[in-house]
Structure formats: structure tokens, C-alpha cells
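Chains as they are written, first to last, in the working numbering: chain A, 5 to 357; chain B, 548 to 824; chain C, 7 to 301.
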């Protein structure tokens, strides 16, 4: 502990530490787990606890920034599930340790020869991460209420659904949607482009019901007829919840859709990295991946589990994320502080006006 | 002097408003309880009775851990704030200097500060000194926020304790400390019970402060519920909500019953609301 | 509440004031409050002049950029909106609290304590889960609307994602802090005053305004303070139940500490918010305490 405030006396010098080597995949204590809420099937977690005789101590974040703040404050988690661009950031700051696929018995489920994940854009050589899930963002709608969908992001301005339109309460997603409509890069931070995007988003407010990430509940409760939505959430809504699946549909707009992926990482200061490695291996078992997919309705790129997902998503091909999708340019990349703050200021003005 | 507590005519307007108020108050609670027994995930249509969500809850170690964490935090925070709040109340009541009034004002500040401000301030403080966020930091923050409630309630009770009783004890040869221990504290016990139960309930249900100060330890239940609510449908939440409600109800019933053991006519509600008979 | 009504307290006699004990008792809690509350607020103020490093972490600096950024039409509009919502919350809370407290205090009889307990129990049992239940109940296809349509009363009302939903959420969360103080005041009221008032004023409404209200004003003032200030800084209600244009000050602050990654700006906003609240509170206390001086 230091004097109050000492932690806020910092400079901008970059961190240059070598990557700590990978731990062996053997149990070395209870697993301290940090993830979104309800992101793994509870029975899978319970199965892990029973098979290996360890406890899983769970903490949740509700945003990547919140996750990062807790990590930066020195909390020691054993396994975290960041979004792709945050893998870049954490690695750059020396906060991760290496994960050696050779330690994982099921490594070939994701790192098979020719797999995209051997060299994902966010982790050269796949040194620090193992892919968890992939998803895209599109538009979900009620087929029984709206019949004039055009397959474009412009559908979020559909007058037929006036007062029943929702945009995701997520800075990157909302800005990406506006950028794609205007033909800009989804990561843009240029002042002139941000200004145009701001005007576009504000023009939506007369038709918009709310900014909300609670897409499933908004749709199932009937408040939403058109919802900016994540592909996995839509599948869960249609296949897992809806009384009448035919009354819902999903589209991946033609201007392009943001593709995102989550990954497992092990922080450099983890106290039980061995258990974390065993946990990753356990989750890569096809039968566990299938259980997770049936719970979450998101695809896990585990080779032997993919046919099961194709089956789940067979009625909604737009929800499928092809490997070729992963190589497109609509991914959220790490940006500098100034750029992030410009984007944040714009987003705040949109929400507050 | 007996006071007539009954008025002749029942004011229909007030009674109707009260009835509507109770309905409004309990509607979501009944809905939570009802849908915790629903056999489908839906929150709009009830299709049949089932205990599956309670079964899910029992298998959901994370939720159970959160429940236990919340209980632990609430217990420690209650004890801590009772001790500190009572000390503060006693000191403020007897020390009549300008300094005392300033301290009194500062300690009341958390009561009127929006929780997000105290949450943010606590986060900045802990991160700033390099203290790792953990259950301890949550407890520290909760105690700080709860002292004010205890102080207000205990001072309310103290104001009724006649100084002459204490003076008499002193005249009979008690040291100030003995007067405190043997005379004042016993009369405060009902207030302490009432304040303790109030603080326990507030801390157990608190979310904003806990949200900013949790670490790697199992997070308190409200933080967990908030994360679940923001993004999804989790009917097990209804199950745990119903259980929490029943727990709180039992607590409040205890709050009503316990002080009666200290004498008829004393109710902790009087203590909470400051009324004295 | 009792602490607001000090008129009956006698000044402490000298012998009780000769007190190392009482001063000593003050020491530990004061040290605690200074360590945790005062220091943390101090850091908030200091950080409001800070900046964010390249890796997104807050750092001390000497910049007034954050305060300059506050002088923005959008933020000012947010302040007025939050003020409006908080005032509406207070007004509705008073309209609910008086009849309820009146009915329970003066007509509850034997069931008084049970009734108050029945009011208090829900309020101390998971606000979040009750909000979640309201979302499900009030959605366009939820139980309430289904009931309205089924009984032919209406075609369905849009409850959620409106300013009224946010205000409703605020009232739901804070009304108990208005009911309890008013109830306490009513409890200590001599009922014969009301009886006399009825004879004098010949009507329940005039009696209320001329007798009951002034006699219970200590409770009312306490309740207003306890509801208005937290409601002004609330963010949960707007986040769960709000619409496209219901953003409140609390949401703005929360945004800076999460997606916005701008803790210094968030700190500046917090300082500004606390300053505004303090001004309002002091003005309010001045206005109400001069009235309380009257016998």
C-alpha cells in the first residue's frame, strides 16, 4: 500500500517485459474466474469442479473497461475472457502469460492445421490466447409486425417500426453501425467523420425507443420490433425462448457487419495458471463445447462441435460466422487514448441529447 | 395522559391510496415469486408449475457463493457500523463544541450523497493507495456509508435518555466509563437492534457501492444480479429473488418482535422513525 | 426524524461535559470517516484536474480541460433534466407518502406496526430484482398490457422506455424514505389538534393544509432531502427503464468510468454534481430552518 493517490502518478513510458512462459496444464489450486455473467453453462462449470476437485470462484464484469480497471488495480484472476482488441492491449502491456497449445490435449480442436486461429489478427502466433467464441452484429426483427426490411443498416430507421426500434447500448457497436452506413472504417476517430456519424445517430432518435443491450428481453417482451442485435442473442431468442420462432428473423446488413471474437487469456499475475490451463482444455472438449453452445447459442470454434452449431443455426444462416468472415476488416481494433476519448465524447453527446 | 389515537371518520381517500400503494408495491414481488415457479423461461406467460429454477439455483455455485458473500459482508459491515456509529452518536451528543458540529455534519454527508459518488470515490481511493479490491474493500466502503444511519437512529434514542439518570449514576460514584457501560448502553440496546437490522438489510441489498469496490472474491449478490439483468434472461434470478425476499421478510419480522423482549411499548420502528412514547 | 427536531433538547450540564470519554469516543469514527470518506472525496477533486495516460489509466496532472469540457449545452440540459426528474420524484413521493402515512398512523390501530413492516419489507429486498420484474410486467406484451387489452380498457400502453418509467422507477426506489419520516411526525402529533382543526376549518383539505401539514413539516423536510438528493444522482432507473432521451447525470458519470475511459472527466462531473447538490441543500436548509424557528 502507498500514500493515497500514489497510483495516479504515472508517465507514458511503454512497458517492455518479456512474455512469462506458459504454465503446465496441472491443477495448482482453485480457479479464480472473471467473465461476463451467465456466459458458460453452469453445469459445465460444475462438472469441472467435480472432475478435478477444485472450486471455481466467479466474478463478473459488465464491460471491458470495467474488466480492465479491475486488472489494472492489481486483482489476480486466473482466467479472463476479453474481446479481441483487449487481448492486443493486455498483451502489449505485459499483463498476459503465454499459453502453449502443446500443453493442451484438445489443442487440435482449434489449432488444427490450416485453422485461422493459428494466426489470428489479434494475437500473432496465438501465443497468449485460445479462441472462445465468435459472433457478428446485425439486425433482428419481428416478421409479424414489420414487412419492409431491406437488408441494410438503414432498417434501423424503418418508419414502420417507429417507436419500436432499439440500438445496442454499446459505444463500439453503435458507432460501427453508423460508420458502415456512411462507408467509413468502423474504428474511425477522424473528427469530420465522427461529426457525420453523430448527426446520423441523432437523426435516429425520433424513431428510436431506447439504447439497450438487453436485446433478448426487449424482443421477447414485445417492446422491440427492430433491434440492433448480436447473432448469438438472436439465436437464443428464436430457438430457445420464442413461442413462435417464425415471427422473428435476423439479417446481416449488406454494408458489412462487425465481427468480434472472445478469447481465453491467463493474466501474468495469475496465482493458479495451471488450473486455468486445465480448465481451457476441459472447455475445448467437444461435448462441453456443445453444452455451452446449447446454453448460449453462440458458436464455439471447436472443430468437432461445429456441426452441432450448424444444426442449431440452420434456419438462420445469417447467424453463422464463417471462418472467412473472421478475416474481414470490420473488427474492432485497439485505439489510442485520444481517439477513444473523441469517440466517447461523441457517443456521450448522442446519448445525452 | 392517554392520547386518543382514533379519529371518528375513516378518510376514504387516504385508505384508497394506501390500498393502491400496497398493490403497486407487491405486484412485482408476486410476479417474481410466481415466475420462479414457471416451467418455461418466459416472463410473460405462465405455463405450469415447476421447481426447475430452484434446482438450477442449487447447482449454480456462483450464485450460492454470491449469496454467502453478501451475508458475510452484511454481517461484518453491520457490526462495524454499529460500533463506530454508536461511538459517534455518544460523542456528538455529549460534546457540544463547534468541532463536534462539524464532525456531525460530515458524518451525515454519506446519507445525502448519491451512491455513484461514494462508489466512485471509494474506487479511486482504493486504487489510488494500491489496495487490492476484495471483500475487505467492499466491507470498508459499506461501513463508511452505513455509519450515518446508525448515528441518526442512536442519537434519536439518546436524546430521550435523561441526562439526570447519567448524572445520578455519576453522583453515586460511577466513572464516566462505568456510567456508559452500565447505564447508557443498556438503554440503547433496542436502538442498536433496530439500527443493526436496518443496516444489514441496506448493505445486503446494496449494489452501487459494491459494484465499484469488488475484487476477485465472490461478488455480492446484487452485483451478480445487475450483470445478469443487463444482458440476459436468467429465470434462476427469480428463484433467488424470492428467497431473498423471504429472508428479508423474516428479518423485518424479527426487527418487530425482538425489541418487545425489552419491554412493552417499545418497537424498533419507533426507534427507526425517531418517535418516542 | 428525531435528529432534525432539536427544539426539546436541554443543554448539557457542565459535569457531563467534562468528558475525556466522549471526546475519545469521537476519535475513532472521526478518523475512519476522514480516512475513507474525506480522503476519497479529496482524490476525486484532485483527479478532476488529471488526464488519462496512453494506456488508458488515470493520472494526476494540472489541467482544467475537464472543467472546460463541462460547459457544454448537452451537459447543462442533462442537469436540468435530472433536476426535473428528481423534483417529479419528490412531488409524487409526497402525494403518496402523506395519505399512506396518515392512514397507517391514525387509523392503523393494532395493525400499525405490521403495516409499516409490510411497507418496509419490499424496499429492503433487492431493488434490482423488483425493477427486473417491472420490466417484464410492463413490456408491450407483458402481463399488464395483456390485462388491459383483454379487459378492453385499452389497446396497450407504452410504459417502458419513457420518462415516466424512469420517474416511476425512482419513486419506487425512494418513496419509503419519504413515508418513514412523515409517519414519525404524524405519530407524535397530538390528534386533538386535528380534531380542533376540523371544527375550525370545516373541511378535511383545509384542515390538512392548515393543521396537519405545518405540524409535520419536520418529517416532510427530512423526507424531501432524503429523496431528492439521491434521486438526482441516480443512474440505475434510467439505465434499466429509460428511453432514447432520458439520460441523467448519474448515467453520464457512470459512462465516464466505464465505456468512456475518462476517469478524470468523470471526477470533474462528480465534483460539479456535488457542488450543485450542496448549493441546493444549503439553500433548502436555510429556507426550511427559518420556518422551524417559529414556535
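The C-beta atom is built at its ideal place from N, Cα and C for all residues, glycine as well.
Just so we're clear, the structure is a prediction, and the values are computed from it rather than from any experiment.
Query                                                                                                                                       : Result
Alpha-carbon spacing of residue 754 of chain B relative to residue 106 of chain A, whole angstroms                                          : 43 Å
Run of the beta strand (DSSP E) containing residue 144 of chain A, from where it starts to where it stops                                   : 134-146
Under 9 Å (Cβ pairs) to chain C, residues found in the segment 57-82 of chain A                                                             : 66, 67, 68, 69, 70, 72, 73, 76
Own chain partners of residue 354 of chain A with C-beta closer than 7 Å, once the 5 adjacent residues on each side are dropped             : 202, 205, 206
Contact under 9 Å by Cβ, residue 101 of chain C with residue 578 of chain B                                                                 : no
Residue environment, residue 116 of chain A, which counts as buried when at least 16 other CB atoms sit within 10 Å                         : exposed
Any 3 or more C-beta pairs closer than 8 Å across the segment 188-205 of chain C and the segment 162-177 of chain C                         : no
Segment contact, 8 Å Cβ cut-off, at least three pairs: the segment 669-689 of chain B with the segment 73-88 of chain A                     : yes
8 Å contact criterion, which residue 240 of chain A and residue 263 of chain A should meet: CB distance rounded                             : Not a contact, Cβ separation roughly 19 Å.
CB-CB length for residue 262 of chain C against residue 272 of chain C, believed under 8 Å                                                  : 3 Å
Min CB distance residue 232 of chain A to chain C below 9 Å                                                                                 : no
Classification of residue 151 of chain C by the beta-carbon crowding that lies within 10 angstroms, buried from 16 upward                   : buried
Length of the line joining the Cα atoms of residue 255 of chain A and residue 323 of chain A                                                : 8 Å
Residues of the segment 260-282 of chain C with Cβ closer than 8 Å to any Cβ of chain B, in chain order                                     : 260, 263, 269, 272, 273, 276, 279, 280
Residue 279 of chain A - DSSP class collapsed to helix/strand/coil                                                                          : helix
CB contact flag (residue 576 of chain B, residue 749 of chain B, <9 Å)                                                                      : no
Residue 213 of chain A - DSSP class collapsed to helix/strand/coil                                                                          : strand
Secondary structure of residue 15 of chain C, DSSP reduced to three states                                                                  : Low confidence applies to residue 15 of chain C: its pLDDT is 48, below 50, so where it sits in the model is not reliable, and the reading given next is rough at best. Note: residue 15 of chain C maps to coil in three-state DSSP.
Own chain partners of residue 237 of chain A with C-beta closer than 6 Å, once the 5 adjacent residues on each side are dropped             : 219, 220
Beta-carbon spacing of residue 661 of chain B, residue 143 of chain C below 9 Å                                                             : no
Helix, strand or coil at residue 127 of chain A according to DSSP, with G and I counted as helix                                            : coil
C-beta atoms of residue 351 of chain A and residue 179 of chain A nearer than 9 Å                                                           : yes
Under 9 Å from the C-beta of residue 56 of chain C: neighbouring residues of chain A                                                        : 12
Sufficient close CB pairs (3 or more, under 8 Å) joining the segment 286-295 of chain A to the segment 44-58 of chain A                     : yes
Beta-carbon contacts of residue 32 of chain A that lie in its chain and below 7 Å, excluding the five residues immediately before and after : 276, 278, 279
Bridge-paired residues (DSSP) for residue 171 of chain A                                                                                    : A:215
Beta-bridge pairing of residue 233 of chain A - partner residues as DSSP gives them                                                         : A:142
Presumed contact (8 Å Cβ cut-off) between residue 305 of chain A and residue 135 of chain A, rounded CB distance                            : 5 Å
Under 7 Å from the C-beta of residue 226 of chain A: neighbouring residues of chain C                                                       : 145, 146, 147
Within 9 Å, strictly: CB atoms of residue 632 of chain B and residue 701 of chain B                                                         : yes
Which of helix, strand or coil DSSP assigns to residue 58 of chain C                                                                        : strand
Simplified DSSP assignment, three categories, for residue 752 of chain B                                                                    : helix
Residue-chain proximity (residue 221 of chain A, chain C), Cβ-Cβ < 9 Å                                                                      : yes
Chain A contacts made by the segment 754-777 of chain B, where a contact means CB separation under 8 Å                                      : 761, 762, 763, 764, 765, 766, 770, 771, 773, 774, 775, 776, 777
Simplified DSSP state of residue 718 of chain B, which is helix, strand or coil                                                             : helix
Residue 313 of chain A burial status per 10 Å Cβ neighbour count (16 or more: buried)                                                       : buried
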